[in-house]
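To start, the structure under review is shown below, and the notes come after it.
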Amino acid sequence: MPLGVNLCFAVKRMPEPERWAAFVREDLGLDRVQFTFDLLDPWWPDEQRARLARRVRDAAAAHDLIIDSCFVGLAHYVPSGLLDPDADARAAALTWWQRAIDLTAELGAPAVGGPMGTISETDAADPARRADRQDELVDHLERLARRATDVGVRELLVEPTPILREYPAYIDHCQTLLNTLRGRGVNNVGLTLDTGHALFQRLHGADAGIESWIHNLGSRIRQIHLDNTDGHGDPHWGWPHPQGTFDVGALATCLVDNNLADISVILEVYPRFEDDSTEVLKLIASSVEHCRAHFPVSTQVVSNAAAG
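Put into structure tokens, the structure is as follows:
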């Protein structure tokens, strides 16, 4: 269960690849990052994008960093994406994802993912329109998964969110979506499970637990987004936090017990843009230290700890 970090903390602070690469390797002592498209937008013109992608790749290589995966950032999480009520907007989102997959290949990362979009309140209130949006999403994911294979990107990762209209949101949504894709011969679509999303009590109940997601979805989970929460929102806190209650050790044990020791665990602590940069970097460092002991190279260490 290799531990890495999403580069969202670098947005608006250290966009230079050389800076964040040095910080991750030298200050955090990590060897892998999840690249965010908030640092390099797939929409950007090909010539400039290619040069910037080379700079990212070179900086990672110079610091012996693995680009574990690429992920949607805030900029392209906000639009309604592949679930927009307007067909032209959905077509634009499909093009964006195609370019995101191509950029992932340019960066040499094996996986790309994120939330897929938001169904409008009007469409969500109409069962037929809601079903149309969900069915079309499957078509889009099939197309994108095949493109990923064509350009050498191993996996397309769908992230369930804590908003009901952002399909998939529940365990059964995830099962239905992936079963439908597998029925079409598409086997390279998996899930990124976010700890804060899975524990959102208003959607999943007061007894929401990460264990039920892991038990029910198993090997379909290909990556963990790790962040601290109190179950009452999606704050993406780090450690320490006075209200945060997430048990990192219990997560590590659950992953090992369910034969998921091969997947990456990506720390995704989202600071506010206005937060002091020095304090932000301290928070990222303290969060890494809090989590590091629970995700050693040897999964036997986790198993031994769980056994007492």
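Okay, so the sequence shown: first residue is 7 according to the working numbering, each after it adds one. Ideal Cβ positions, reconstructed from N, Cα and C, are used throughout, including at glycine. If you're wondering where the values come from, they're calculated on a predicted model, not measured in any experiment.
Option nearest D44 by Cα separation, candidates D37, S75, L80 and A68: L80
First through last residue of the beta strand (DSSP E) which encompasses D3: Nothing can be reported for residue 3, as the shown portion of the chain is limited to 7 through 314.
A95, enclosing alpha helix (DSSP H) - first and last residue: A93 to L113
Check whether L205 and A214 have beta carbons under 7 angstroms apart: yes
Buried or exposed (CB count within 10 angstroms, at least 16 for buried), G189: exposed
Spatial neighbours of L34 in its chain, beta-carbon cut-off 8 angstroms, leaving aside the 5 residues before and after: V11, I290, A291 and V294
First and last residue of the uninterrupted beta strand (DSSP E) at D74: I72 to F77
Inter-residue CB distance, P241 and G202 (contact presumed, cutoff 8 angstroms): 7 angstroms
Buried versus exposed call for T124 [16 or more other C-beta atoms within 10 Å across all chains shown]: buried
Collapsed DSSP secondary structure at V308 in the structure displayed: For V308, the predicted model reports a pLDDT of 44, less than 50, meaning its position is unreliable; a value from the coordinates is still stated below. Correct three-state label for V308: helix.
Sequence-distant residues of its chain with Cβ nearer than 7 angstroms to W26 (five each side left out): L13, A16 and M20
Segments assigned beta strand (DSSP E), at least 3 residues, entirely inside the segment 16 to 56: 38 to 42
Q229 - partner residues in DSSP beta bridges: T198 and S270
Three CB pairs or more closer than 8 angstroms across the segment 125 to 142 and the segment 161 to 173: yes
Proximity of V195 and L143 at Cβ, strictly below 7 angstroms: no
Proximity test, N222 beta-carbon vs the ligand FMN heavy atom, cut-off 6 angstroms: In terms of ligand content, the structure shown is empty, and the ligand FMN therefore cannot be addressed.
6 angstroms CB neighbourhood of W243 in its chain, flanking five on each side removed: N234 and G250
Pair within 7 angstroms by beta-carbon distance, S75 and Q104: no
Alpha-carbon spacing of A98 relative to G237, whole angstroms: 34 angstroms
Inter-stretch contact (C-beta, 8 angstroms, three-pair minimum) for the segment 217 to 231 and the segment 264 to 278: yes
V262 (DSSP reduced to helix, strand or coil): helix
Sub-7 angstroms separation of V62 and G120 beta-carbons: no
8 angstroms CB neighbourhood of G56 in its chain, flanking five on each side removed: Gly is not the amino acid found at residue 56; the sequence shown has Ala there. Around A56: E112.
According to DSSP, residues forming a beta bridge with L9: V271
Inter-residue Cα distance where the pair is R38 and V271: 10 angstroms
Collapsed DSSP secondary structure at G250 in the structure displayed: coil
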